[in-house]
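What follows is a short report on a single structure.
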Amino acid sequence: MTTLIKEQEAMLAIIKNLPGNYLILLPNTPHYTIAEVSAAYNVATYSRREDLIGVSVFEAFPDDPNDPAADGVLNLSNSFAEVLETKRNHEMPVQRYPVPAAGRDSFIEKFWVPVNTPVIVNDQVLYIIHSVTDVTQSKQLKSREEYFKALADESPFMIWRSAGPSCIYVNRAWIETTGISFENSLGSGYFNAFHPEDAALQKSLLKQAVNNNESYESTFRILDHKGDIRWVFMRASPSQVHGATVEYIGSMIDVTTQELAAQRIRESEKQFRQLADSIIQMIWVTDAEGMHEYYNQRWYDFTGTTHEETEGEGWNHVFHPDDRERAWKVWRHSLQTGTPYEIEYRLRKYTGEYIWVLGRAAPYFDNDGNIIKWFGTCTDINEQKILQQQKDEFINIASHELKTPLTGLSANIQFMEKMLHKRQDPDPLFVKLVGASYTNVRKLNKLVDELLNANSIGTGELAVKKDWFELIGLISEAIAYLNTGEIAIRQTGLKAIDVHADAGKIEQVVVNYVNNALKYASESEFIEINVSESDKDVKVSVIDRGKGIAEEKLKYLFDRYYQVESKSERYSGMGLGLYICASIINNHGGKIGVESTLSKGSTFWFTIPKDER
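For the sequence shown, my numbering gives the first residue as 254, with consecutive numbering after it.
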């Protein structure tokens, strides 16, 4: 035992005279009493040997009580604990650890690179050698410091540096923005510019980053030199020398304008959601690819579904099975072409019953004309749909019931006409009355046919039987029997072209177009029928030089029962002709439309897709 003590005393005496900065500490947690100190350490820390031996290292070298951000004691305690636990050296990054000045009334700024080494005998830690390198006056750091400051003071960004959480530098932009001087920003002073509601979180984030030796980003508020709130975006990263973290460097950029704009957007979104949730319609939003991003509360109340159940393409499951493919087809067409979406289909209500709704959507474009979103609605039309179905059923029954007696009546009148023509001297008045009766019966037959066609369309029973035929010849034959009066009909464009379509149905559309032009544009000198072609389809246009149609009425022309009329005139008919025409062309996969200018005339057109023979 005496030999061991003498060996320890000899070792301490040797260490005391080594040229480096050393403390020999006892492993008596949490005090870590100083057993020996090198002369060089006394010089570096402005201390005396007699004041240190037998004293706790933290009593001899406490944190600066005037610096709330000081963390030297904590960091050193953690390092000692790790040495005792692992029985291995622990190299610490550069530490800001001010030392007490003479009289302990003030502290002298110091930066160290500490290494703590265990002295192990018989697997027991007898001492901890605490060696430090004073880097406060390092030429490398000073050169780096001068270069950094020169750059930082010219930067428009606010820049700070810290040793641990303690600020050691701020640049000119920081001082000018916050109004806090360089001296008052040091230590924890720079936190005085942080908004009181944000300061605690920012301190925590910095401390966490320092402990984990990692970078971090944050957006928060500071107070400028006028006391006004400014939003800043900050990024802080560790700065290393020879692989060791010596400090943290942070930069801030003023993002007040962007943040206020973002807040306005968030407020607008909040108002939109509140508005959307308060109306009776179901509202939805998708991205450019048609993936759903938002439904209002009415959707969830109506369907009884959750957000997870209907996100993306999940909404498809609440469609009636018979309507899914049809709705998908129309939706895909809108997504591919950018045309507004409109369709009637059935949705499953939370009660399990299926309700008819009218689905509509329109694209939203960015400044470059690209579709970035779709905004859509679903409107409950179940009552109207049921009433329409009842109306269609009534019309269907009534039309069929009328068809039989009308056929008989027409035959009887035709027979009467033949009998009159056989007489040598028929009564002129009687001949006139029979002729008028036959004309009226034909008109009534036409109305009944239109009702039956319209009803077939409404029930999805309009049949299209395609075959190849020559279109120009069909048009010529169709208009040859029309009563054109004094208005000439001109055929322009292609002289011949074969199409694959239902000849009877296409003739019906052409005749309807021409009859409408003769009826509604009677002041036109002529009616033009133009046939043209493109790579994909054949286009037929019926052009008049009449009075034209008001723009606000154009979008309703192909609706069921809609008629264009003015206060001074009313034409016979039920407003079904163009509705039937549109259905015929749609069933062919073509397009139908109209352009019109008041006082200049109208152009009604349709297209037939080209098919390969």
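Ideal Cβ placement from N, Cα and C applies to all residues, glycine included. Only a predicted model underlies this, so the values are computations on that prediction, with no experimental measurement involved.
Reference residue i; option with closest CA among the options
i    : options                : result
T472 : L458, K479, N465, N437 : L458
V571 : R585, W552, W584, L588 : W552
A293 : T386, P367, L379       : T386
E289 : A446, T282, S309       : S309
D755 : I740, Q744, L727       : L727
T745 : L724, R341, T604       : L724
A733 : S690, M544, M411, E760 : E760
E898 : I532, T563, D554, I533 : Coverage of the chain is limited to positions 254 through 866, which leaves residue 898 absent and any answer about it impossible.
E470 : K456, P371, L476       : K456
Y380 : P280, N839, S852       : P280
P346 : I782, T282, Q493       : Q493
S729 : L747, P283, D554       : L747
D737 : N769, D751, K758       : It should be noted that the sequence gives Thr, not Asp, for residue 737. The residue with the shortest Cα to Cα distance from T737 is N769.
Whether residue i touches residue j by CB criterion (7 Å)
i    : j    : result
I742 : I802 : no
S232 : D797 : There is simply no residue 232 to check, as the chain begins at 254 and stops at 866 in what is shown.
F444 : A452 : yes
S504 : S468 : no
V767 : C834 : no
V793 : F857 : no
T339 : F364 : no
L305 : H383 : no
N424 : A403 : no
N549 : D530 : yes
V326 : N369 : no
I625 : W609 : no
E500 : A416 : yes
S419 : R349 : yes
D788 : P862 : no
T630 : I533 : no
H753 : K718 : no
F628 : V538 : yes
A731 : V764 : yes
Exposure of residue i, with buried meaning 16 or more beta-carbon neighbours within 10 Å
i    : result
R823 : With a pLDDT of 46 at R823, under the threshold of 50, the modelled position of that residue is not reliable, and no figure is offered here.
Q516 : exposed
S819 : Unreliable positioning characterises S819 in this predicted model, as indicated by a pLDDT of 48, which lies under 50. The coordinate reading is nonetheless provided below. Exposed.
S821 : With a pLDDT of only 45 at S821, under 50, the local geometry of the prediction cannot be trusted, and the value read off the model is given with reservation. S821 should be labelled exposed.
T558 : buried
S855 : buried
W205 : This structure gives no information on residue 205, because the portion of the chain shown stretches from 254 to 866.
S408 : exposed
K523 : exposed
S291 : buried
L771 : buried
S587 : buried
R414 : buried
A749 : exposed
Y285 : buried
Y832 : buried
Y275 : buried
T431 : buried
S849 : buried
L600 : buried
L329 : buried
H478 : exposed
D324 : buried
L829 : buried
N342 : exposed
L851 : exposed
In DSSP terms, what residue i is bridged to
i    : result
W552 : W552 pairs with nothing; no bridge assigned.
P862 : D790
V290 : L276
Y594 : A614
K626 : D540, Y617
T632 : L611
W584 : Per DSSP, none; premise fails for W584.
D751 : E723
L476 : I482
T386 : V366
7 Å Cβ cutoff, residue i in contact with chain B
i    : result
T370 : No chain B is present in this structure, which holds just one protein chain.
Residue i CB to nearest heavy atom of the ligand NAP below 6 Å
i    : result
G757 : In the structure on display, the ligand NAP does not appear, and there are no ligands present to speak of.
Is it true that the stretch 346–363 meets the stretch 289–300, where meeting means three or more beta-carbon pairs spaced less than 8 Å apart? Segments in contact, yes.
Could you say if the stretch 505–516 and the stretch 476–493 meet the contact criterion of at least three C-beta pairs nearer than 8 Å? Contact annotation: the stretch 505–516 touches the stretch 476–493, with at least three C-beta pairs closer than 8 Å.
Is the stretch 310–321 touching the stretch 368–376, taking contact as three or more C-beta pairs under 8 Å? Touching, no.
Decide if the stretch 629–646 is in contact with the stretch 666–677; the criterion is three or more beta carbon pairs, one per stretch, under 8 Å apart. No: the two stretches stay apart, fewer than three of their Cβ pairs being nearer than 8 Å.
For the 8 Å Cβ check, are there 3 or more pairs between the stretch 612–619 and the stretch 587–603? Segments in contact, yes.
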